[in-house]
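Residue numbers (the working numbering): 3 to 458. Using N, Cα and C, we set each Cβ at its ideal position, and we do this for glycine too. Predicted model, so just to flag it, every value in this text is computed and none were measured. Scroll down for the structure; my scribbles are underneath it.
The following block contains the structure:
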């Protein structure tokens, strides 16, 4: 084409559809014959070499120069005509007043982000129209009032912060300014009623620094919710699998000790019957502002009889990969050997097994459901076959990347992996005892700190 600009160019446009001018200069196969100085359109416009004129349109919303909404305080009230809209991102603007009611008429919308504005007032009850909504972010606004009960009926809606098996967790601010997490149970799931009752029953009489606290609860036949402490540092899963976070060896070890102290308390440390968590995994380990771990999500936990060998029966299974296998010694006549199996029999040793898997995952950075684990290869077998000589092949490479205190780290990691395997023995009778795990973890930490200090 080899365009030459000999006079000011006028571009006429109807702004009803998108025109993308982002990240100039543009240069690819279709523009290689265009004179390169024409590509910097923003500069040409500012230098008055281009005139950009608008054709007025009643649906004109977007400024095509910046792809941003015009400098206004209110969202245009035209959304009801956008029947095919799938995603709407209006975050980080300066919108005020209430959320436009026309947004809630978008029956096929999948994602809505209205975060970081100054919306006020309450949510409207007709939010139930958004049947296929999967993402809703209303954080960092000035909204007030009650959460609409209809939110609990949106079966595809995912959490703003984290998602449990039977509920959606929202961030909220109480009237006193405290941040909280609000878990709204999905009552269309038959087991959600049981999950709500289980969490209330389990957490009503337990208090421990490493357990997530219930601050309040709300329940009627159509709506059930728990108000929980908000953990500002998210979940262990976020820290293990996000490129934006990193935990060193000592931080991971401290978190695992916190988790085990919570389990030890649930099993032995309070006056009521022992409690089996049943669903220990990184997404259920939350971290407070000081990186202290809190065990959460007791929706399928179970109360046992007296003693570590007591068993109970459940119809709700733990997460695949963290669940203890069907014991080869399984026998209804010998319940202390019972495991998660076809009958759903559980004991406290199931949490020991899950903790072993959690230990391996935390220090290898590999989920037990990773695609590399197929057939006879599992996380447990992979670790077991790599010890002791190929330890560096299985541990998280980020932990051994620095040469400082390398041998102290390797000795610590080797001890952790051996303990994890002891927790994951096939037979529950062969697994390490509850009290032994706590003692061994603390001993590993003391030795690690001593070895690191000796090398510095």
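Separation of residue j from residue i, as counted between CA atoms
i           : j           : result
residue 349 : residue 278 : 7 Å
residue 99  : residue 206 : 40 Å
residue 242 : residue 383 : 21 Å
residue 269 : residue 454 : 34 Å
residue 339 : residue 392 : Note that residue 339 scores 43 on pLDDT, short of 50, meaning its location in the model is unreliable and no value can be drawn from it.
residue 92  : residue 235 : 25 Å
residue 123 : residue 87  : 25 Å
residue 240 : residue 276 : 30 Å
residue 185 : residue 285 : 15 Å
residue 115 : residue 280 : 35 Å
residue 289 : residue 233 : 6 Å
residue 215 : residue 367 : 28 Å
residue 138 : residue 103 : 15 Å
residue 293 : residue 415 : 21 Å
residue 445 : residue 101 : 55 Å
residue 394 : residue 423 : 17 Å
residue 256 : residue 374 : 28 Å
residue 418 : residue 258 : 10 Å
residue 376 : residue 386 : 16 Å
residue 434 : residue 245 : 34 Å
residue 94  : residue 413 : 48 Å
residue 187 : residue 226 : 6 Å
residue 171 : residue 458 : 44 Å
residue 448 : residue 295 : 19 Å
residue 291 : residue 211 : 13 Å
residue 381 : residue 220 : 40 Å
residue 372 : residue 97  : 43 Å
residue 379 : residue 456 : 38 Å
residue 326 : residue 452 : 35 Å
residue 397 : residue 299 : 28 Å
residue 178 : residue 105 : 30 Å
residue 109 : residue 388 : 53 Å
residue 390 : residue 321 : 29 Å
residue 224 : residue 251 : 46 Å
residue 425 : residue 222 : 41 Å
Under 8 Å between C-beta atoms of residue i and residue j
i           : j           : result
residue 253 : residue 183 : no
residue 459 : residue 323 : Only positions 3 to 458 of the chain appear in this structure, which leaves residue 459 out of reach.
residue 410 : residue 450 : yes
residue 176 : residue 297 : no
residue 272 : residue 354 : no
residue 120 : residue 143 : yes
residue 180 : residue 173 : no
residue 283 : residue 361 : no
residue 113 : residue 132 : no
residue 287 : residue 238 : yes
residue 117 : residue 84  : no
Residues that residue i bridges to, as DSSP identifies them
i           : result
residue 231 : 182
residue 89  : 113
residue 139 : 115
residue 173 : 183
residue 2   : There is simply no residue 2 to check, as the chain begins at 3 and stops at 458 in what is shown.
residue 297 : 213 and 287
residue 237 : 288
From the options, residue whose alpha carbon lies closest to that of residue i
i           : options               : result
residue 218 : 366, 299, 229 and 210 : 229
residue 111 : 249, 389, 226 and 135 : 135
residue 1   : 421, 374, 326 and 379 : With the chain covering only 3 through 458, there is no way to say anything about residue 1.
residue 247 : 448, 412 and 401      : 401
residue 399 : 425, 379 and 363      : 363
residue 436 : 397, 452, 266 and 456 : 266
Counting pairs of Cβ atoms below 8 Å between the stretch 430 to 445 and the stretch 253 to 269, do you hit three or more? Between the stretch 430 to 445 and the stretch 253 to 269, the count of C-beta pairs closer than 8 Å reaches three or more; the two stretches touch.
With a threshold of 8 Å, are at least 3 pairs of Cβ atoms found where one atom belongs to the stretch 421 to 430 and the other to the stretch 395 to 410? Segments in contact, no.
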